[in-house]
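Using the numbering used here, the first residue of the sequence shown is number 4, and each one after it goes up by one. See structure below.
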Amino acid sequence: MAADKVPYAANPTNSRGRRFREPAPRGRSEYQRDRDRIIHSTAFRRLEYKTQVFVNHEGDLFRTRLTHSLEVAQIGRSVARHLRLDEDLTEAITLAHDLGHTPFGHTGQDALNASMKPYGGFEHNLQSLRVVDVLEQRYGAFDGLNLTFETREGILKHCALKNARTLGDVGERFIKRQRPGLEAQIANLADEIAYNNHDVDDGLRSGLLDMEQLSTVAIFRRHMRMVLREFPRIEGRRLVHETVRRMIDTLVTDLIRHSAANIRTLGPETVDDIRRAPPMIRFSERIQREQAELKRFLHTNLYRHYRVSRMSSKARRVITDLFQAFMAEPGLLPPEFQSRAQEDTPRAIADYIAGMTDRYAIVEHRRLFAIDVS
Ligand code: MG
Numbered sequence: 004m005a006a007d008k009v010p011y012a013a014n015p016t017n018s019r020g021r022r023f024r025e026p027a028p029r030g031r032s033e034y035q036r037d038r039d040r041i042i043h044s045t046a047f048r049r050l051e052y053k054t055q056v057f058v059n060h061e062g063d064l065f066r067t068r069l070t071h072s073l074e075v076a077q078i079g080r081s082v083a084r085h086l087r088l089d090e091d092l093t094e095a096i097t098l099a100h101d102l103g104h105t106p107f108g109h110t111g112q113d114a115l116n117a118s119m120k121p122y123g124g125f126e127h128n129l130q131s132l133r134v135v136d137v138l139e140q141r142y143g144a145f146d147g148l149n150l151t152f153e154t155r156e157g158i159l160k161h162c163a164l165k166n167a168r169t170l171g172d173v174g175e176r177f178i179k180r181q182r183p184g185l186e187a188q189i190a191n192l193a194d195e196i197a198y199n200n201h202d203v204d205d206g207l208r209s210g211l212l213d214m215e216q217l218s219t220v221a222i223f224r225r226h227m228r229m230v231l232r233e234f235p236r237i238e239g240r241r242l243v244h245e246t247v248r249r250m251i252d253t254l255v256t257d258l259i260r261h262s263a264a265n266i267r268t269l270g271p272e273t274v275d276d277i278r279r280a281p282p283m284i285r286f287s288e289r290i291q292r293e294q295a296e297l298k299r300f301l302h303t304n305l306y307r308h309y310r311v312s313r314m315s316s317k318a319r320r321v322i323t324d325l326f327q328a329f330m331a332e333p334g335l336l337p338p339e340f341q342s343r344a345q346e347d348t349p350r351a352i353a354d355y356i357a358g359m360t361d362r363y364a365i366v367e368h369r370r371l372f373a374i375d376v377s
């Protein structure tokens with residue numbers, strides 16, 4: 004397998020290494036070990052109960068952050084394999100990319116960021132890195148999962164310059180304005196392919212979107228027509244799925260073709276060439292335009308749908324209330340966070356809240372604010 008990879012693929016035997024030295028893994032590569040540590044982490048299991056768009060208890064069939072992460076990994080691996088890059092590194096990055104997400108999706112992140120504004124803010128990317136570097140407590144010799152530089156760098160998708168300066172090696176590329184390796188670039192776009200498509204699917208399943216509305220969106224309409232030509236009488240869930248699977252196929256195929264063409268044009272020979280060049284993993288112009296249209300549609304019609312807004316509004320209150328209650332009385336924090344709070348109270352509170360699942364946050368809110376606890 005390794006012999007088939009291109010010379011500018013990440014190479015696990017040339018990794019910039021782990022923060023704490025460890026013996027080389029046996030029977031698996033450094034990046035495969037990273038992936039295995041991520042899957043065995045507590046934060047990874049919590050993703051099952053964290054919201055993507057729909058709050059976890061609203062229905063059993065909607066995507067959660069766990070199934071989202073698995074879809075991203077599957078798409079990312081296909082692209083990496085086709086481009087003969089390191090599939091395992093892409094898999095590790097995709098599985099870890101959302102580990103730092105708060106409960107209640109983007110609303111949760113925005114609410115926690117607003118509460119943390121005076122104390123350095125809160126950013127889920129940075130938090131994903133903090134989970135794998137510090138917060139997971141499972142190993143005798145170190146805090147965190149002690150992942151390789153390349154996986155950690157890929158997890159940190161974007162980062163403000165002032166934060167980058169405090170992050171050492173993984174912050175460097177933001178200061179030098181360089182790119183990460185192609186495996187990390189793939190993870191970003193696999194994320195986008197996964198959420199645009201599963202949000203269409205979940206939006207239809209929930210009844211917040213309908214087919215008529217969606218057929219105003221070019222990329223959806225084009226693929227729905229392809230399905231109807233092939234199966235003139237198809238309807239309901241089958242029509243939705245046949246359309247969505249064709250959209251995913253088009254996006255993945257376009258990404259592979261267009262990226263391969265970029266790579267041919269720019270002719271990188273080493274990973275360092277990739278870092279200095281413009282991003283090479285990209286969609287074609289047409290698909291980029293169509294994706295932007297779909298994104299705008301989802302923003303207007305799904306993410307700002309009044310039923311989603313009601314849930315978001317409640318979620319915002321839960322997060323804000325919890326933060327304020329713990330700030331006023333850090334003694335209410337569980338013991339393991341109290342010791343952390345002695346160094347930096349707001350950050351310890353943010354770590355505690357960010358780690359909560361949707362339902363845990365709701366229960367914790369009830370525990371702190373409901374008077375009639377039986
Ligand atoms: Mg994601």
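Glycine included, each C-beta is placed from N, C-alpha and C at the ideal position. Remember, it's a predicted structure, so these values are computed and weren't measured experimentally.
- Between the region 71-80 and the region 309-324, the count of C-beta pairs closer than 8 Å stays below three; the two stretches do not touch.
- In the structure shown, the three-state DSSP call for R236 is coil.
- By the beta-carbon neighbour count (other beta carbons within 10 angstroms, threshold 16), A331 is exposed.
- Non-local beta-carbon contacts of D101 in its own chain, meaning distances under 6 Å to residues more than five positions away in sequence, involve R68 and S72 in chain order.
- Any heavy atom of the ligand MG within less than 5 Å of a residue's beta carbon puts that residue on the list, which reads D101 and D194.
- The residue from K165, E74 and A144 with its alpha-carbon nearest to that of N191 is E74.
- Look at T268 here: in three-state DSSP terms it is helix.
- Within the DSSP secondary-structure output, R21 pairs in a beta bridge with T151.
- For D361, the uninterrupted alpha helix (DSSP H) run begins and ends at D361 to F372, by DSSP.
- Beta bridge pairing from DSSP links T54 with T67.
- In the displayed model, Q345 falls within coil according to three-state DSSP, outside both helix and strand.
- Sequence-distant partners of L269 (beyond 5 residues in either direction) whose C-beta falls short of 7 Å from its own C-beta, in its chain, are A280 and M283.
- The Cβ-Cβ distance between I251 and N304 does not fall below 8 Å.
- Secondary structure of G143 (DSSP, three-state): coil.
- With 16 or more other Cβ atoms from the protein chains shown falling within 10 Å of its own Cβ, Y11 counts as buried.
- The closest CA to that of P337, considering only V134, I356 and D202, is found on I356.
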